[in-house]
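If you read the protein sequences in the order shown, they are chains V and S.
Count along the first sequence from 1, then add 1; that gives the number in the numbering used here.
Count along the second sequence from 1, then add 20; that gives the number in the numbering used here.
Beta carbons are placed, not taken as given, at the ideal position from N, Cα and C, and that holds for glycine.
Keep in mind it's a predicted model, so treat the numbers as computed, not measured.
Note sheet for the following structure.
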Amino acid sequence: MNFTWSDAAYFWPEAIMALTFIACVLTDLVTRGRRHGVTLSVLIAGTVVSLAMTVIKAPEASHYVFGQMVVIDPFAHFFRYVFLFVTLVTAVFSYSSREIMGKDRENQGEYYSFLAVMCFGMMVMAEANDLLMLALSIELVSITSYIMAGYARFSLRSTEASLKYVLWGAMSSGVMLYGASILYGLTGATGFSAIREGLLAGSGSELALLVGMLFVLAGIGYKISAVPFHFWTPDVYEGAPTPVTALFSAGPKAAGFALLIRFFYTSLVQTDGTGGVTLLEGIQWPWLLAIMSAVTMTWGNLAALRQTNVKRMLAYSSIAHVGYLLMGFVLLTQAGLQAILFYLLIYAIMNLGAFLVVIALNNRLHSEHMDDYAGLGYREPILAGAMTIFLFSLTGLPPTAGFVAKFYLFAALVDSQLWWLALLGVLNSVISLYYYMSIARSMYFTPATETGGLGLSRAHVALVVILAVPTLVLGLYWSPVKALADSSLAFLLGG
Amino acid sequence: MPDLTTLHVHLGHYLTLSAILFFIGVSGVVFRRNAIIMFMSIELMLTAVNLTFLAVSRQLGDHQGHVFVLFALAVAAAEAGVGLAILVEIFKRRGSIDVDDFRKLME
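Here you go:
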């Protein structure tokens with residue numbers, strides 16, 4: 002295991018985020034935790050520089066660095082964009098959130114340092130090529146998440162969410178590590194591709210392999226909150242401060258999918274040279290994943306139906322979206338994976354947008370209850386209009402980006418002749434229309450108890466509009482983004 | 021009394037012990053309601069993980085497992101640190117660490 006400086010050259014964006022973390026901590030120390038704007042500027046500057054490095058240093062091929070622990074390839078590169086975008090948006094709207102920046106919260110500077118380190122962790126998750134890296138990056142993101150979920154430590158709901166998260170999270174990482182240790186025992190290797198070689202050599206029993214794989218999948222499944230590892234999601238999403246919830250629903254989830262795809266592909270799948278794939282062992286993975294996907298989306302949507310708290314509803318809806326995303330994963334076809342990547346990016350935009358509206362309203366209304374949204378269509382027309390766009394997009398109605406993203410997922414399923422799952426996906430979208438539109442109904446058709454605007458800051462409204470525009474534009478003209486997602490999967494063809 | 025000099029401990033013994041430890045840990049998390057006991061059970065699970073890694077590593081004569089254990093220990097410590105800090109905070113506000121009392125979010 003050698004370290005060379007030429008390896009480090011591929012790692013610039015991550016290195017900059019790590020340095021940003023240190024810079025944020027130091028800034029907070031120097032300003033004695035009083036000038037949060039300065040810490041925020043440091044974070045934003047670091048993220049922008051990292052983004053610039055990402056653009057400049059686009060990898061054309063797979064580079065295995067740090068003794069094959071980490072792989073930098075176009076796939077990881079695509080996710081860098083997603084994570085940096087999510088971090089940037091979260092940082093900006095955290096600053097305007099009452100829950101984060103309210104009077105009785107000290108140490109806001111720390112919050113920005115955690116954002117930086119979480120972004121670093123997510124980027125490494127998408128690049129992990131070894132069980133050790135898998136465990137470390139997941140833990141880095143998880144431990145940061147526990148702290149951020151309990152960030153509003155004077156709120157009982159926030160601390161409770163944090164405790165539930167840390168208990169179940171630590172347990173799931175224990176299960177995942179045990180799975181990793183079984184895989185190591187079976188193959189004598191921790192690198193993903195070495196595991197595949199070990200498995201091809203036919204070592205160990207089928208049962209032990211199944212247990213090991215299922216345990217590792219449980220750990221990743223917990224991160225992406227797929228049924229049956231979803232039980233923490235509603236409580237944590239509702240209890241955590243809203244900007245943190247927005248981050249959780251977009252960032253770590255995408256990172257979990259990146260890790261899932263890479264782990265599955267590199268350690269279990271054999272490419273046959275013509276672009277087709279075959280699964281390594283006799284276990285019926287497609288069936289397992291298809292059932293998981295079907296149950297996840299149905300459960301998420303049905304549970305969302307009876308929610309009146311918008312934040313909790315969005316938590317359940319995020320579980321449903323994981324179900325849709327898993328649909329693309331079921332058959333492990335190239336088209337399905339391309340659809341997943343595209344969907345993850347669109348989902349990040351529209352979901353952050355919807356949460357941003359919830360944050361803006363929470364600042365004034367101090368509530369996320371649907372009844373309190375009554376008449377907002379007339380009190381805050383721009384905000385309500387943008388929210389309607391996000392909700393349309395989350396449902397998957399044209400002409401929004403959500404429709405295009407969902408269309409590609411269904412198209413991949415129909416291509417592979419998995420009709421029943423595609424049909425279930427469509428049915429689920431219809432169910433989701435009901436609860437998404439009940440928010441819109443409340444905003445436009447329920448008379449308001451008060452009149453007049455809410456006096457929201459212009460910057461906040463502008464940010465909402467900035468996210469609403471791509472949600473609409475990508476619904477009409479999406480080919481460059483889709484091409485980026487498609488080309489980033491080239492590593493699969495190479496085998 | 022068995023002759024201790026002929027008693028050999030094999031890989032299988034280690035793996036069995038670690039499987040037993042792991043399931044004691046899991047049942048601790050699932051069945052106990054005291055948050056501190058739950059954390060202890062999680063530590064037990066991680067101990068089982070470490071034991072498996074070390075046993076396999078020794079059997080194969082490979083260093084990877086040892087390295088993994090070192091990292092796993094550090095991560096477990098960090099996790100316990102954060103977990104206990106959250107627990108202290110919640111105990112200060114609520115005076116209880118029974119997880120069944122934490123139902124504010126389920127209403």
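Query raised in the report: Hey, S/VAL95 and V/LEU137: beta-carbon distance below 9 Å or not?
Result: In the second sequence, residue 95 of chain S corresponds to position 75, counting from 1. In the first sequence, residue 137 of chain V corresponds to position 136, counting from 1. Yes, they are a contact pair.
Query - V/HIS78, enclosing alpha helix (DSSP H) - first and last residue - result: Residue mapping note: residue 78 of chain V aligns to position 77 of the first sequence, counting from 1. Unbroken alpha helix (DSSP H) run through V/HIS78: 75–96.
Requested in this report: Apply the 10 Å Cβ neighbour rule to V/SER1 and answer buried if 16 or more other Cβ atoms are within range, or exposed otherwise.
Outcome: Absent from the structure is residue 1 of chain V, since the part of chain V shown begins at 2 and ends at 496.
Query raised in the report: Buried or exposed: S/GLY115, going by 16 or more other Cβ atoms within 10 Å of its Cβ?
Result: Position 95 of the second sequence, counted from the first residue, corresponds to residue 115 of chain S. Result: exposed.
Query raised in the report: Under a CB-based cut-off of 9 Å, is S/SER77 close to chain V?
Result: On the second sequence, residue 77 of chain S is found 57 positions in, with the first residue counted as 1. Yes, because at least one Cβ of chain V sits closer than 9 Å to the Cβ of S/SER77.
**Report entry** Residues bridged to S/ASP118 [DSSP beta-bridge criterion]
**Finding:** Locating residue 118 of chain S in the second sequence gives position 98, counting from the first residue. Answer by DSSP bridge pairing, in chain order: S/ASN54.
Query raised in the report: Using 9 Å as the limit for Cβ to Cβ distance, is V/VAL71 near chain S?
Result: Within the first sequence, residue 71 of chain V is the residue found at index 70, counting from 1. Taking Cβ atoms only, chain S never reaches closer than 9 Å to V/VAL71, which makes this a no.
Report task. Report yes or no: is there a C-beta of chain S within less than 9 Å of the C-beta of V/THR275? Result -> As a working mapping, residue 275 of chain V is identified with position 274 in the first sequence. Any reading at V/THR275 is ruled out, since the residue's pLDDT is 47, under 50, leaving its predicted position unreliable.
**Report entry** Minimum C-alpha distance to S/LEU74 - residue among V/GLY189, V/LEU135 and V/ARG158
**Finding:** Position 54 of the second sequence, counting from 1, holds the residue named residue 74 of chain S. Ranking V/GLY189, V/LEU135 and V/ARG158 by Cα distance to S/LEU74 puts V/GLY189 first.
Requested in this report: Under the assumption that V/GLY337 contacts V/PHE330 (Cβ atoms under 8 Å), give the Cβ distance between them as a whole number of angstroms.
Outcome: Translated into positions along the first sequence, residue 337 of chain V becomes position 336. Translated into positions along the first sequence, residue 330 of chain V becomes position 329. That belief holds up - the Cβ atoms of V/GLY337 and V/PHE330 are roughly 6 Å apart, short of 8 Å.
Requested in this report: Kindly identify the DSSP beta-bridge partner or partners of V/SER131.
Outcome: By 1-based counting over the first sequence, the position of residue 131 of chain V is 130. Sequence inspection shows Asp at residue 131 of chain V; the Ser mentioned does not correspond to that position. According to DSSP, V/ASP131 shares a beta bridge with V/GLY192.
Query raised in the report: Exposed or buried, V/ASP236, counting other C-beta atoms within 10 Å across all chains shown (16 or more means buried)?
Result: Looking up residue 236 of chain V in the first sequence gives position 235. A residue is called buried when at least 16 other Cβ atoms come within 10 angstroms of its Cβ; V/ASP236 meets this threshold and is buried.
Query raised in the report: How would you list, in chain order, the residues of chain V whose beta-carbon sits under 8 Å from the beta-carbon of S/VAL69?
Result: Walking along the second sequence from the start, residue 69 of chain S turns up at place 49. Simply GLY175, LEU178, TYR179, ALA181 and SER182.
Report task. Note down the Cα distance separating V/GLY453 from V/ASP372, rounded to an integer number of angstroms. Result -> Position 452 of the first sequence, counted from the first residue, corresponds to residue 453 of chain V. Position 371 of the first sequence, counted from the first residue, corresponds to residue 372 of chain V. When rounded, the distance between both Cα atoms is 17 Å.
**Report entry** Per DSSP, the bridge partner or partners of V/ALA64
**Finding:** Along the first sequence, read from residue 1 onward, the residue named residue 64 of chain V stands at position 63. Per the sequence shown, the amino acid found at residue 64 of chain V is His instead of Ala. Under the DSSP definition of a beta bridge, V/HIS64 partners with V/ILE73.
Query raised in the report: From V/GLN69, V/ALA127 and V/PRO242, pick the residue whose C-alpha is nearest to that of V/PHE84; which is it?
Result: Counting from 1 along the first sequence, the entry for residue 84 of chain V is found at position 83. Cα-wise, what sits closest to V/PHE84 is V/ALA127.
Report task. Taking 9 Å as the cut-off, decide whether the C-beta atoms of S/MET58 and V/LEU168 are in contact. Result -> Here residue 58 of chain S refers to the residue found at position 38 of the second sequence. Here residue 168 of chain V refers to the residue found at position 167 of the first sequence. Taking 9 Å as the Cβ cut-off, S/MET58 and V/LEU168 qualify as a contacting pair.
Query - Straight-line gap, V/LEU327 to V/ALA412 (C-alpha atoms, nearest Å) - result: Along the first sequence, read from residue 1 onward, the residue named residue 327 of chain V stands at position 326. Along the first sequence, read from residue 1 onward, the residue named residue 412 of chain V stands at position 411. Cα-Cα distance, rounded: 14 Å.
Query - alpha helix (DSSP H) runs wholly inside the segment 223–252 of chain V, at least 4 long, in chain order - result: 234–240
Query raised in the report: Would you say V/PRO229 and V/VAL176 are within 9 Å of each other, going by their C-beta atoms?
Result: Walking along the first sequence from the start, residue 229 of chain V turns up at place 228. Walking along the first sequence from the start, residue 176 of chain V turns up at place 175. No, Cβ-Cβ distance for V/PRO229 and V/VAL176 is not below 9 Å.
Requested in this report: Name, going along the chain, the residues of the segment 141–164 of chain V whose beta-carbon falls closer than 7 Å to a beta-carbon of chain S.
Outcome: ILE144, TYR147, ILE148, GLY151, ARG154, LEU157, ARG158, THR160, GLU161, ALA162, SER163 and LEU164
Requested in this report: Give the single residue among V/GLY47, V/HIS37 and V/TRP13 whose Cα lies nearest to the Cα of V/ALA24.
Outcome: For the purposes of this step, residue 24 of chain V is identified with residue 23 of the first sequence, where counting begins at 1. Closest by alpha carbon: V/GLY47.
Query raised in the report: V/TYR65 to V/ILE73, Cα distance in whole Å?
Result: Taking the first residue of the first sequence as position 1, residue 65 of chain V is located at position 64. Taking the first residue of the first sequence as position 1, residue 73 of chain V is located at position 72. Approximately 6 Å between the Cα atoms of the pair.
Query raised in the report: With DSSP run on the structure shown, which of helix, strand or coil describes S/VAL29?
Result: Numbered from its first residue, the second sequence carries residue 29 of chain S at position 9. It is coil, neither helix nor strand.
Report task. State yes or no: is the beta carbon of V/TYR112 nearer than 9 Å to at least one beta carbon in chain S? Result -> Here the question's residue 112 of chain V lines up with position 111 in the first sequence. No, because no Cβ of chain S sits closer than 9 Å to the Cβ of V/TYR112.
Query raised in the report: Is the beta carbon of V/LEU260 less than 9 Å from the beta carbon of V/ILE139?
Result: Translated into the one-based positions of the first sequence, residue 260 of chain V becomes position 259. Translated into the one-based positions of the first sequence, residue 139 of chain V becomes position 138. Yes, these two residues count as a Cβ contact at 9 Å.
Query raised in the report: Quick one, are the C-beta atoms of V/ASN429 and V/GLY257 less than 9 Å apart?
Result: The residue given as residue 429 of chain V occupies position 428 in the first sequence. The residue given as residue 257 of chain V occupies position 256 in the first sequence. Contact: no.
Query - Same chain only: Cβ atoms within 7 Å of V/ILE360, ignoring 5 sequence neighbours per side - result: Position 359 of the first sequence holds residue 360 of chain V. These residues qualify, in order along the chain: PHE94, SER98, THR243 and PRO244.
Report task. Output the boundary residues of the alpha helix (DSSP H) element that contains V/GLU381. Result -> Stepping through the first sequence from its first residue, residue 381 of chain V is reached at position 380. Counting along the chain, V/GLU381 falls outside any alpha helix (DSSP H), and DSSP gives it neither H nor E.
**Report entry** Start-to-end residues for the alpha helix (DSSP H) that takes in V/GLY403
**Finding:** In the first sequence, residue 403 of chain V corresponds to position 402, counting from 1. In this chain, the alpha helix (DSSP H) harbouring V/GLY403 covers 402–416.
Report task. Step through the CB atoms of chain V and report whether any lies within less than 9 Å of the CB of S/GLY115. Result -> Here residue 115 of chain S corresponds to residue number 95 of the second sequence, with the count starting at 1. Taking Cβ atoms only, chain V never reaches closer than 9 Å to S/GLY115, which makes this a no.
Query - Residue-chain proximity (S/VAL49, chain V), Cβ-Cβ < 9 Å - result: To locate residue 49 of chain S, count along the second sequence from 1; it is residue 29. Yes, S/VAL49 counts as interfacial toward chain V.
**Report entry** When S/ASP120, S/ASP121, S/LEU104 and S/LEU64 are compared against V/GLY151, the one with the closest alpha-carbon
**Finding:** For this step, residue 151 of chain V is matched to residue 150 along the first sequence. Among S/ASP120, S/ASP121, S/LEU104 and S/LEU64, the Cα nearest to that of V/GLY151 belongs to S/LEU104.
Query raised in the report: Which residues in the same chain have their Cβ closer than 6 Å to the Cβ of V/CYS120, if we skip the five residues on either side of it in sequence?
Result: For the purposes of this step, residue 120 of chain V is taken as residue 119 along the first sequence, with counting starting at 1. Closer than 6 Å at Cβ, skipping near neighbours: MET18, PHE84 and THR88.
Report task. Evaluate contact between the segment 414–425 of chain V and the segment 346–366 of chain V, counting only Cβ atoms and requiring at least three cross-stretch pairs below 8 Å. Result -> no
Query - Cβ of V/MET222 within 9 Å of any chain S Cβ - result: For the purposes of this step, residue 222 of chain V is taken as the residue at position 221 of the first sequence. According to the sequence shown, residue 222 of chain V is Gly rather than Met. No, V/GLY222 does not count as interfacial toward chain S.
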